[in-house]
Amino acid sequence: MQIALTIIIGYILLTNLIGILAAKNVKSSPDFLIASGRFGTIFIVAILCGAWEGSGASIGITQKAFDSGLFAGFYSSFFTLGLFIAAFFIIPIARRLGVLTLPELVGKLLGAKGRWLTSVLWLMQDMIVLSMQFLGAAGIFSALFNLPVHWGILITLLSVIFYMVLGGMVSAGWTNLLHMIVMSLSALVAIPLVLTYKDGLSGAIQTLPESYFTVDGIGIGTLLGWFLAVSSGPIVHQITFSVANSARSDKECRKGFFYSALIICFFSFPFALLGVIAKAYLPETTNLLALPQLAMAINPYFAGFLLAGVMAAILSTLAPMLFASPTIFINDVYLPLKKNVSEKEKLFVSRLCALIILLLGMVIALLVESIVQATVFAFTFRLVILLVVVLPLIFAFLKKITVEGGLLAIVLGAIA
């Protein structure tokens, strides 16, 4: 346990060191929110992989596979479709029109009320997704330290609050580059080690019900719901618009989306395998603790590396989620209400908003138990915007939608 703990603490300290050093280059709100449009392909890949390979795709999938079976591993593959669609349709629109946020785009189509309604929806769902990163990290600390969940959530807050509030997108780019390497390697290393633990997958097949290895375990309805909610995320999320504005060129931006789609596609499968093996050989554990306890049972060095990879996934999602909300708040709520704002004030408000979002996310995490269910629930808000605004725009049907009808559809869709 001390070995795994030392590795995780060391990793968190290294992340903070990189993030704080990168934050020294942040001098304005464009630096904080979109890195002033200086990112190349490698940083775009780092941001996107970090955004979608979070607690839901890692420890959350281990939870779901522990309860429902191996088919939970399809979760992250649904992001791939969304990233391809975003690369072909959303990126060109965002860069050609010069819009910084999705609510700004909606405002051009449905007016100020549409812009405000969309802003509220996005701030709500972003806080839910952000809070799930806290809950995922709390499971790791609960297993290692035997700490209550609320202490694990607080430790996670302290792990990111300084460099992200200071550095925004710039710090996220550099730290996510580290996270992407670590979480990809940890997922790959997990496969052979898990398959050779005790009687491996063959023993799990003999021990567990058949449904754990067929679509019946998780249910076709759940998979369809994931497909709709998860694939819509990269199409309409603020991260897509932020990355589009942070890229040096259209070509590098599109390449970043393509490469990210390929990397993310299979990310969740090793974690689903972990959940199934934990269910077979550690049936006394809980789904939240399945991943860390199985990792510790296999090997303390592996546990340290795997859990560092999970922490990387969690921290890498916290980062882009964290500057997505300030971007929307500043661009679509604060600036329309207050004119003649200085650059210094915009940077201060951006950082203050990031701090408030972090604290609210921590509170929400204390009220939720299932990471995947809460994450998919948050994703359904994106589905409303996708169906009401983005798809009609892509297929040029928007001229048949009145402003009043569009606003009503957003409100009723959010309620549903």
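Each residue of the sequence shown is one higher than the one before, starting from 76 at the first, in the working numbering. The beta carbon of each residue, even a glycine, is placed where N, CA and C say it ideally should be. Since the structure is predicted, the reported quantities are computational estimates derived from the model, not experimental observations.
Query	Result
Would you kindly work out how many angstroms separate the C-alpha atoms of Leu-441 and Ile-228, rounded to a whole number?	8 Å
Considering Ile-432, what are the terminal residues of the alpha helix (DSSP H) in which it resides?	418–440
Suppose you measure from the CA of Ile-293 to the CA of Pro-367; what does that come to, to the nearest Å?	22 Å
Which of helix, strand or coil does DSSP assign to Ala-279?	helix
Candidates Gly-148, Tyr-409, Leu-348: which alpha carbon is nearest Pro-178's?	Tyr-409
Around the C-beta of Met-31, are 16 or more other C-beta atoms found within 10 angstroms, so that it is buried, or is it exposed?	Because the chain in this structure spans residues 76 to 491, residue 31 falls outside the shown range and cannot be described.
Can you list, in chain order, the residues of its chain with a C-beta nearer than 7 Å to that of Phe-333? Leave out the 5 residues immediately preceding and following it.	Ala-162
Could you tell me the distance, in whole angstroms, from the CA atom of Gly-275 to the CA atom of Ile-136?	19 Å
How many Å lie between Lys-419 and Ser-104 at the Cα?	8 Å
What separation, rounded to the nearest whole angstrom, lies between the Cα atoms of Arg-190 and Ser-133?	33 Å
Phe-114 by DSSP, collapsed to three states: which one?	strand
Can you tell me whether Ala-132 is helix, strand or coil according to DSSP?	coil
If you draw a straight line from the alpha carbon of Ala-489 to that of Gly-144, how long is it in whole angstroms?	31 Å
Please classify Ala-453: does DSSP put it in a helix, a strand, or coil?	helix
Beta carbon of Lys-330, beta carbon of Thr-116: below 7 Å?	yes
To the nearest whole angstrom, what separates the beta carbons of Ala-147 and Gly-350, a pair I think is in contact under 8 Å?	7 Å
Report yes or no: do three or more beta-carbon pairs, one from the stretch 357–377 and one from the stretch 89–98, lie closer than 8 Å?	no
Taking Cβ positions, are Ile-109 and Ser-417 nearer each other than 7 Å?	no
Distance, Cα to Cα, Gly-300 vs Ala-370?	30 Å
With respect to the alpha helix (DSSP H) encompassing Ser-246, which residues constitute its N-terminal and C-terminal limits?	224–270
Helix, strand or coil for Ala-491 per DSSP?	coil
Under 7 Å, do Gly-186 and Val-465 count as touching if we go by C-beta distance?	no
Kindly list the residues whose CB is nearer than 6 Å to the CB of Leu-412, restricted to its own chain and excluding five residues on each side of it in sequence; keep chain order.	none
Based on Cα-Cα distance, which residue from Phe-342, Ala-378, Leu-461 lies nearest to Ala-126?	Phe-342
Applying the 10 Å Cβ sphere with the 16-neighbour rule, what's the burial state of Ala-491?	exposed
For Ile-314 versus Pro-401, is the C-beta distance shorter than 7 Å?	no
Let's test the definition: count the other Cβ atoms within 10 Å of the Cβ of Asp-201 and tell me whether it reaches 16, buried, or not, exposed.	buried
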